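Below you'll find the structure, written out as structure tokens, and then a few comments.
4 protein chains.
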Amino acid sequence: MIVMKETATEEEIEAVIDKIERAGAVPHRSRGARVTVIGAIGDVEQDASVESIGLEGQPGVDRVVPILKPYKLASSQFRHGERTVLDIGGRKVGGEHFALIAGPCTVESREQVLATADVVKDAGVAMFRGGAYKPRTSPYAFQGLGQEGLRLLAEAKERTGLPIVTELMDARDLEPVLEVADVIQVGARNMQNFPLLAEIGRSGRPALLKRGLSATLDELLMAAEYILKEGNPNVMLCERGIKTFETSYRVTLDLQAVPVLKELSHLPVIVDPSHAAGRRSLVGPMSLAAAAAGADGIIVEVHPNPDEALCDGPQALLADDFADYAAAVERAAMLAGKVFSNA
Amino acid sequence: MIVMKETATEEEIEAVIDKIERAGAVPHRSRGARVTVIGAIGDVEQDASVESIGLEGQPGVDRVVPILKPYKLASSQFRHGERTVLDIGGRKVGGEHFALIAGPCTVESREQVLATADVVKDAGVAMFRGGAYKPRTSPYAFQGLGQEGLRLLAEAKERTGLPIVTELMDARDLEPVLEVADVIQVGARNMQNFPLLAEIGRSGRPALLKRGLSATLDELLMAAEYILKEGNPNVMLCERGIKTFETSYRVTLDLQAVPVLKELSHLPVIVDPSHAAGRRSLVGPMSLAAAAAGADGIIVEVHPNPDEALCDGPQALLADDFADYAAAVERAAMLAGKVFSNA
Amino acid sequence: MIVMKETATEEEIEAVIDKIERAGAVPHRSRGARVTVIGAIGDVEQDASVESIGLEGQPGVDRVVPILKPYKLASSQFRHGERTVLDIGGRKVGGEHFALIAGPCTVESREQVLATADVVKDAGVAMFRGGAYKPRTSPYAFQGLGQEGLRLLAEAKERTGLPIVTELMDARDLEPVLEVADVIQVGARNMQNFPLLAEIGRSGRPALLKRGLSATLDELLMAAEYILKEGNPNVMLCERGIKTFETSYRVTLDLQAVPVLKELSHLPVIVDPSHAAGRRSLVGPMSLAAAAAGADGIIVEVHPNPDEALCDGPQALLADDFADYAAAVERAAMLAGKVFSNA
Amino acid sequence: MIVMKETATEEEIEAVIDKIERAGAVPHRSRGARVTVIGAIGDVEQDASVESIGLEGQPGVDRVVPILKPYKLASSQFRHGERTVLDIGGRKVGGEHFALIAGPCTVESREQVLATADVVKDAGVAMFRGGAYKPRTSPYAFQGLGQEGLRLLAEAKERTGLPIVTELMDARDLEPVLEVADVIQVGARNMQNFPLLAEIGRSGRPALLKRGLSATLDELLMAAEYILKEGNPNVMLCERGIKTFETSYRVTLDLQAVPVLKELSHLPVIVDPSHAAGRRSLVGPMSLAAAAAGADGIIVEVHPNPDEALCDGPQALLADDFADYAAAVERAAMLAGKVFSNA
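Protein chains in written order, with this note's numbering: chain A, 666 to 1008; chain B, 666 to 1008; chain C, 666 to 1008; chain D, 666 to 1008.
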């Protein structure tokens, strides 16, 4: 839909119409009291969309308004309003199924991983999370145990039977990660690392895709489209906070994203309350809020001894409090018509 | 706390110390491995705070870090951790009391106001809201019925017994508003209209103060301080969304503000889910989320026939659905340990 | 322009068409490959615009895309591309005329005001600025000298012949402000104080309208429209920075606003580099940048002794450096084809 | 610097002091009228900073205020206030040297690349830019010519002698990119792709690092630190716009970043006005503004026939206007005391 300027001349209008025709679309002209609007209708494919005709900035053009959403496979329409339900080692996510995913921010030691895995298993979570590769703002910060961390996650999986969620930061690490990960996490900073998304798409492994810190929901869905387009339909979207001017917490958790993403897409929507809050006291209230808002799951950090954590200790739930926390989240999820998912 | 530059000279450090002393504070110097930090301790009053000494920008000074919060009466410390509970015509707000406040965006007609008042009364709300004076972005938009609107609100109050919440935009309208309002609402655009805040402070009438669209929580609390300072302790804080880059809804409802404001302040925290969402389908999920996050109340728009509303119809709940909505909100509030407040 | 959902039924489409007709507009239906788009064309007045028909949220409607800008008198089209040039006591602003406006943030004392006025007069500025009423985030901060401040400004005007720019915060202070102000400044926090804007509109006095800290350019132009609509055509728009997540300076000066406002509107565009920067070292570079970007003027703070300033001292230029500063700004303005305006 | 809560007990204060000591730092306690502040001074290394002690969230702790900047090699202090001047094939960047870098957004064809290269060479630019690998929000959009694109850039380099700036998106493409790139560009979306940054650091090749769309300046400098830490000192920082709520242009070009980055770091600062603007009419004014603000260079898009461009045509300068544009930019750079850099 091309909105012409009030001052556009007949020649400028015809130049636009001509360009639309050369791009293989059918122009459709509406003359209003003050401006002319030209629709570009018809055979325009997703990959030759109105935007790509390059009309923006053309003489006489005020602006180009895209009518169709830029994503296709991720859209609600693609599944005709039916919701995607993933099955991760017997744990369902999406539709009426709510998945609580918990574990330490970072794999630090055998004791820490196994103790945490036992605690969250007992509390009835659906999956275990833990980072072996950690993206850190500072090159001087602890970067994760790498392959040794993956080995410890494999041990936790064997011991508890819980599916594993862990992050992939570098496409060159795909092989070892595939050996242990039931779900590959894409961190917020990699949401638009397009080669990485395509590799995960080709792997076919379920993915948990975190929203970038300043990504719009449309951009998040376009990032999901990169994975889906490679033939991998198993994508969970994850809201984890966006940057704003507010400084009294780390980032702003955008819970309106939950109902909006569920309107726009058939994919499950997970919320990560730990990273947005940056401190433990906010994680409980925001977890209940996320579940009540209709999230399909929560991914949260827990640590047996947060004071000793090498990364993000202050935001980790205490292992001792975790069973009560999980019970409260379950009640909030029920309020939104959800059933807790565990095996 | 004044952080000096690494390159600061002894003269520059002494000039800072001298200036702190002249301002009546006690300087306290800490020499680190790379930088010197100077504390300004002691008799510095709120109204002669470190910032006002004017050290920022002084030669050799890297930055000034305020240690104390700039508000006093609004702070948690002021009431030693005890929470303020307001009593508005017998309805309590704050502490364990949750107040649902509902009504039309704008007073449009006698039929609309009374029909809506009956519906929300039957559903057990605590108060009735409705705008007689409407701040509108466009000078060409409907600006409210003014005094005629106030008269209709008085009639609704008489009929239902519900306390009235209505907005004051102009200090010159204070008299007529005081005749009907049990709670004076300050809109987001007026959060920093300081003369208006001071007038409301002097009036002593309870106030519902909406957070500005780009206000930080500290700025919201400073605005509350303007009211409190005039001797009016009856202030409710209201989160109603902040501007971000996201375009798929109107503004971003910041629910993390709920637990954070409750850490920072003793004042009740209300959430307005209608204006942030801008559309009805998001209001239900975000209301449950707000209540589950621990809000002390919700202020929401409802209309007997939103299609005919003169203002913000698409975000108004349907009167027919309102009783179910109120019951769901009550369950979510209970999850957070709250009791619904009604007479 | 109403975009229907892909799933919209024929009934839903016809309901929209019906509603457009009842609002007095002519519906115009375009059926695309996937969605239907309905234009509402014709007699729709500004004050009964498509938005106000209330179609957003109607069943089957995906979204409503406004085609016309919501402001009329402020738009470039209103003056057919010709630029407004104001004449303030013989100093022109707009078109090819560049106005440097300088003075202290706040009127503090007779000595300070007169000394600063002499300095900026000698450097060839177009107008003198100074605040008698100061909006302060904290109720405990210095709020300005009020009427005594206005009296000192009048003395500075008499002495130097420079027109005076000063802020009005409260409509109840209009009378005394009109006695001295050649230009009434509306602060960023009052950009959407609609009763105040309307009063200034009715006064007919030239206005300098600052952009709110999170206002879009469309909102700024709508605020200007409130003044213009009352018959006062003398409005200058002022960019002074917007809130972002960046914390290494106070707010983000949006210089792209300069060319964009000049595309959208015929009104002069002024830049205030002092408040965005918050510190002196940034004011010089940003002033040159603003002038080079094509601003019609700069409003800047200068102080004979910033260390002693009661408000915003660190961002004030030093009086001793001011003549060099003004000369550099003039060179940058010339680069953009502008001539310095002074009497 | 650890700020304790007003309510902190003596035990809590001692627990913090104990933890600082166990981390190898020296605690330094200051008791104020209302709160206690504890400094952690001394041997704390960059990689064992106060933040990593994990005091945030500890009982009784209000907040942790880092005193030192988290980057070291990128800081002004590291070079004692001296500025880095890069030499790229004889073209200097930084200090008094201003580099204009121009070329098409994307390499599309031999004709397009060579024609553009001739135009910008004749106008006296310092380097030629062009993308062979293009990060695109949509997986359906043109992703660049890849290795064929690199080959065409090599031909342009041979023909004009201009150094080549081109983007690396995937560490697995480093080898072929190193064969032609004199400067490796890191796109905004990859600013925190830490494995990619480390690879570029190890390669030793000069890098142009674009600021992420919501990155703070501190985060940009930490990303630079990832490259510098691997022994590669040749880094240029590039401001290209940040996301805000404003919708009348693509993103907000943050020119205040120019003087602030030059205060914080010794590295050259380049501005990309094309991507922020998204349309040609803003590129000229913002280029002059960037140069007048003191930027060390500009990277800009130019196309012989933007209407036919496969990517971002509307923001490309017209080849026919380029010589005039370059001359105007040179005048603006001279205003800031810079000399155009060309061989």
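All C-beta atoms, glycine included, are put in the ideal place defined by N, C-alpha and C. Computed from a prediction, not measured in an experiment: that's the story for all the values here.
Proximal residues to residue i (C-beta, below 8 Å), its chain only, five neighbours per side dropped
{"i": "Asp787/A", "result": "Ala988"}
{"i": "Arg945/C", "result": "Pro971, Pro979, Gln980, Ala981, Leu982, Leu983"}
{"i": "Asp712/B", "result": "In this prediction, Asp712/B scores a pLDDT of 41, lower than 50, which makes its location untrustworthy; no coordinate-derived value is stated."}
{"i": "Arg801/B", "result": "Phe807, Gln808, Cys976"}
{"i": "Arg775/C", "result": "Leu817, Glu820"}
Interface partners of residue i on chain B, CB under 8 Å
{"i": "Val925/A", "result": "Ser913, Tyr914, Leu947"}
Contacts around residue i, its chain only, beta-carbon distance under 6 Å, and the 5 residues preceding and following it disregarded
{"i": "Ala780/C", "result": "Pro969"}
{"i": "Ala680/D", "result": "none"}
{"i": "Thr825/C", "result": "Ala782, Lys786"}
{"i": "Val936/B", "result": "Glu904, Ala955, Ala960, Ile963"}
When the options are compared against residue i, the one with the closest alpha-carbon
{"i": "Ala690/A", "options": "Val967/A, Ile706/A, Gly697/A, Gly896/A", "result": "Ile706/A"}
{"i": "Phe1005/B", "options": "Glu747/B, His762/B, Leu738/B, Ile732/B", "result": "His762/B"}
{"i": "Met669/B", "options": "Arg687/B, Pro724/B, Phe807/B", "result": "Pro724/B"}
{"i": "Leu882/B", "options": "Asn897/B, Tyr914/B, Ile849/B, Asp919/B", "result": "Asp919/B"}
{"i": "Lys734/D", "options": "Ala673/A, Lys1003/A, Arg696/A, Ser803/A", "result": "Ser803/A"}
{"i": "Pro860/B", "options": "Lys894/B, Ser879/B, Ala846/B", "result": "Lys894/B"}
{"i": "Val845/D", "options": "Arg854/D, Thr831/D, Ala853/D", "result": "Thr831/D"}
{"i": "Glu995/C", "options": "Glu864/C, Val967/C, Asp961/C", "result": "Asp961/C"}
{"i": "Ala767/A", "options": "Leu720/A, Ala997/A, Val948/A, Glu973/A", "result": "Val948/A"}
{"i": "Val778/A", "options": "Lys1003/A, Ala673/A, Glu966/A", "result": "Glu966/A"}
{"i": "Ile685/C", "options": "Ala791/C, Leu720/C, Glu884/C", "result": "Leu720/C"}
For residue i: DSSP bridge partner residues
{"i": "Lys875/D", "result": "Cys903/D"}
{"i": "Lys734/D", "result": "Paired residue(s): none; Lys734/D is not in a bridge."}
{"i": "Ile685/A", "result": "In DSSP, Ile685/A forms no bridge with anything."}
Interface residues of chain A facing residue i [CB-CB closer than 7 Å]
{"i": "Thr909/C", "result": "Phe910"}
{"i": "Arg996/B", "result": "Leu1000"}
{"i": "Leu882/B", "result": "Glu911, Ser913"}
Within chain B, the residues that residue i reaches when beta carbons sit closer than 9 Å
{"i": "Tyr891/C", "result": "Ser803, Pro804"}
{"i": "Glu686/D", "result": "In chain order: nothing, as chain B lies at least about 16 Å away."}
Beta-carbon proximity list for residue i, same chain, < 7 Å, skipping 5 on both sides
{"i": "Gly959/B", "result": "Val923, Pro924, Lys927, Ala1001"}
{"i": "Leu810/B", "result": "Val772, Ala797"}
{"i": "Asp708/D", "result": "For Asp708/D, the predicted model reports a pLDDT of 49, less than 50, meaning its position is unreliable and no value from the coordinates is stated."}
{"i": "Ala739/B", "result": "Leu886, Ala889, Glu890, Leu893, Ser930, Leu932"}
Residues that residue i contacts on chain D, provided the C-beta gap is smaller than 8 Å
{"i": "Asp961/C", "result": "The contacting residues do not exist; Asp961/C stays about 13 Å from chain D at best."}
Under 7 Å from the C-beta of residue i: neighbouring residues of chain D
{"i": "Ser879/A", "result": "Leu878, Ser879, Lys908"}
Neighbour list for residue i in chain D, Cβ cutoff strictly below 9 Å
{"i": "Asn858/A", "result": "Pro800, Met834, Asp835, Arg854, Asn855, Asn858, Leu861"}
Residues that residue i contacts on chain C, provided the C-beta gap is smaller than 8 Å
{"i": "Thr917/D", "result": "Ile907, Thr909, Thr917, Asp919, Gln921"}
{"i": "Ile732/A", "result": "Val668, Gly697, Val700, Val702"}
Amino acids of chain C, ordered along the chain, whose beta-carbon sits closer than 7 Å to that of residue i
{"i": "Gln723/A", "result": "Here the premise fails: no neighbours, minimum Cβ distance about 15 Å."}
{"i": "Pro950/D", "result": "Val923, Pro924, Ala958, Gly959"}
{"i": "Gly719/B", "result": "Asp972, Ala974, Gly978, Pro979"}
Closer than 7 Å: residue i CB and nearest the ligand GDP heavy atom
{"i": "Ala974/D", "result": "With respect to small molecules bound, the structure shown includes none, and the ligand GDP cannot be examined in it."}
Beta-carbon neighbours of residue i, restricted to chain A and to distances below 8 Å
{"i": "His693/C", "result": "Ser695"}
Open item on the list: Contact between the region 886 to 900 of chain C and the region 926 to 945 of chain C is defined here as three or more beta-carbon pairs at a separation below 8 Å; is this criterion met?
Closed with: yes
Task: Inter-stretch contact at 8 Å, needing at least 3 Cβ pairs: the region 935 to 944 of chain D / the region 989 to 1003 of chain C - done: no
Task: Validate contact between the region 737 to 755 of chain C and the region 689 to 704 of chain C using beta carbons, cut 8 Å, 3 pairs - done: no
TODO: Take every Cβ of the region 742 to 749 of chain D, pair it with every Cβ of the region 946 to 957 of chain D, and state whether three or more of those distances are shorter than 8 Å.
DONE: no
- [ ] Would you be able to state if there are at least three C-beta pairs under 8 Å between the region 896 to 910 of chain A and the region 862 to 877 of chain D?
- [x] no
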